[in-house]
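Trainee: Quick note: the sequence shown uses the numbering used here, first residue 1, plus one each step. We put the beta carbon where it would ideally sit given N, CA and C, even for glycine. Below you will find the structure I want to go over with you.
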Amino acid sequence: MPLSPFHLAIPVDDVELCRTFYRDVLGCKEGRSSDHWVDFNFFGHQLVIHYKPKDSISEHTNPVDGKDVPVPHFGVILEWEQFETFSKVLKTKGIQFIIEPYVRFKNEVGEQYTMFFKDPSGNALEFKAFKNTDQIFAK
Numbered sequence: 001m002p003l004s005p006f007h008l009a010i011p012v013d014d015v016e017l018c019r020t021f022y023r024d025v026l027g028c029k030e031g032r033s034s035d036h037w038v039d040f041n042f043f044g045h046q047l048v049i050h051y052k053p054k055d056s057i058s059e060h061t062n063p064v065d066g067k068d069v070p071v072p073h074f075g076v077i078l079e080w081e082q083f084e085t086f087s088k089v090l091k092t093k094g095i096q097f098i099i100e101p102y103v104r105f106k107n108e109v110g111e112q113y114t115m116f117f118k119d120p121s122g123n124a125l126e127f128k129a130f131k132n133t134d135q136i137f138a139k
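Here is the structure:
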């Protein structure tokens, strides 16, 4: 069964700054918008940034592979080559990675690239790519 596009709405405290980030840094095509929200084509999925004033919620992480993975986070699964190209583009654009691109589970079931970084409002994003897409849900 093919995966279906998802819809995700996230809070941002600066719509214009995040609009520029998702459009110009990540390369997402902009759709409809208002003063308080913007739709994006987020790698074939609908992402909507909605204005929300900044709050003081502290950041939480969980240890994975000796790295601090931010919780919550969201992202997409890319094709292997697409991940390699995209991660290089992000590096040239000066993205500050929380977790630099690396391969997890090398030569094991579920071998995958992964990387984490934040948008200008502090939303954590994870991008990954599986060596074998048939293993996305493998145990």
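Alpha carbon to alpha carbon, how far is GLY44 from VAL12?
Mentor: Each residue's alpha carbon lies about 21 Å from the other.
Trainee: Using three-state DSSP, classify GLU83 as helix, strand or coil.
Mentor: Sequence inspection shows Phe at residue 83; the Glu mentioned does not correspond to that position. Here PHE83 sits in helix by DSSP.
Trainee: Hey, would you say GLY66 sits closer than 9 Å to LYS128, going by beta carbons?
Mentor: Going by C-beta atoms, GLY66 is not nearer than 9 Å to LYS128.
Trainee: Where does the unbroken beta strand (DSSP E) through VAL12 begin, and where does it stop?
Mentor: Run containing VAL12: 7-12, per the beta strand (DSSP E) assignment.
Trainee: I need the DSSP call for VAL15, collapsed to helix, strand or coil.
Mentor: It is helical.
Trainee: Can you have a look at THR114 and say buried or exposed, based on whether 16 or more other CB atoms are within 10 angstroms of its CB?
Mentor: Per the 10 Å Cβ criterion, buried.
Trainee: Please state whether the Cβ-Cβ distance between PHE83 and PHE97 is less than 9 Å.
Mentor: No, the Cβ-Cβ distance between PHE83 and PHE97 is not below 9 Å.
Trainee: Could you have a look at GLN46 and say whether DSSP puts it in helix, strand or coil?
Mentor: Reduced to three states, the DSSP call for GLN46 is strand.
Trainee: On the DSSP bridge assignment, give the partners of TYR113 in chain order.
Mentor: In the DSSP output, where bridge partners are listed per residue, TYR113 has VAL103 and ALA129.
Trainee: Going by DSSP in three states, ASP39 sits in which element: helix, strand or coil?
Mentor: Strand, per DSSP.
Trainee: Using the beta-carbon count (16 or more within 10 Å), is PHE137 buried or exposed?
Mentor: It is exposed - the Cβ of PHE137 has fewer than 16 other Cβ atoms within 10 Å.
Trainee: Within 10 Å of its beta-carbon, does LEU90 have 16 or more other beta-carbons around it, so buried, or fewer, so exposed?
Mentor: LEU90 comes out buried.
Trainee: Buried or exposed: PRO63, going by 16 or more other Cβ atoms within 10 Å of its Cβ?
Mentor: It is exposed - the Cβ of PRO63 has fewer than 16 other Cβ atoms within 10 Å.
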